[in-house]
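Notes follow the structure.
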Amino acid sequence: MKDENTDLFWALCGGGHGLGVVTSFGFRLHRVGPTVYGGMLIYQGDSFHTVVPEAIKLMEKSPDELFLLIVLSTAPPAPFLPREMHGNKMIVIVGGYMGDPKQGEQVVLPFKHLDKFKVDMMAPLSEFAILAQRV
Numbered sequence: 266m267k268d269e270n271t272d273l274f275w276a277l278c279g280g281g282h283g284l285g286v287v288t289s290f291g292f293r294l295h296r297v298g299p300t301v302y303g304g305m306l307i308y309q310g311d312s313f314h315t316v317v318p319e320a321i322k323l324m325e326k327s328p329d330e331l332f333l334l335i336v337l338s339t340a341p342p343a344p345f346l347p348r349e350m351h352g353n354k355m356i357v358i359v360g361g362y363m364g365d366p367k368q369g370e371q372v373v374l375p376f377k378h379l380d381k382f383k384v385d386m387m388a389p390l391s392e393f394a395i396l397a398q399r400v
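The opening residue of the sequence shown carries number 266 in our numbering; numbering runs sequentially from there.
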């Protein structure tokens with residue numbers, strides 16, 4: 266993808282200044298599901314220097330069907346989080362595998378061993394449930 270429209274890609278990345286502005290875009294829809302493998306893995310914020318670089322390395326070797334988003338946030342007092350995490354920094358890996366759920370489980374497995382995670386919410390989900398994931 267980076268080899269196509271290199272001038273446009275350079276501009277979207279900020280033209281060397283780190284700020285890009287997009288005024289419109291087009292996209293294509295691709296059929297998935299009805300079940301995909303995805304959800305969230307939540308790590309304690311103090312494992313940032315372990316989790317994030319390793320997740321990036323793994324992602325570079327992962328199939329195109331895998332998408333991930335790394336979110337750095339303060340843990341809310343949510344019932345799915347251990348009380349000791351409430352109010353503390355957390356790392357959330359949100360993602361999914363847009364192929365066979367059993368294969369997706371195997372593709373995601375290395376991300377579960379980046380560090381000792383606190384919450385594993387990865388599972389087979391409906392195609393709509395994966396879109397409704399909130400952090």
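C-beta: ideal position from N, C-alpha, C; glycine also. Fair warning: this is a prediction, and the values are worked out from it, not measured in the lab.
Asked: If you reduce the DSSP assignment to three classes, tell me which class A397 lands in.; Found: coil
Asked: Is the distance from the Cβ of F332 to the Cβ of G360 below 8 Å?; Found: yes
Asked: Cα separation between T339 and F345?; Found: 14 Å
Asked: Can you say whether L374 is buried or exposed, counting buried as having 16 or more other CB atoms within 10 angstroms of its CB?; Found: exposed
Asked: Less than 8 Å between C-beta atoms, sequence neighbours within five positions excluded: which residues of the same chain meet that for K383?; Found: I307, Y308, Q309, L346, P347, M350, M355
Asked: Distance, Cα to Cα, L273 vs P342?; Found: 42 Å
Asked: Whole angstroms is fine: what's the gap from H378's alpha carbon to E392's?; Found: 25 Å
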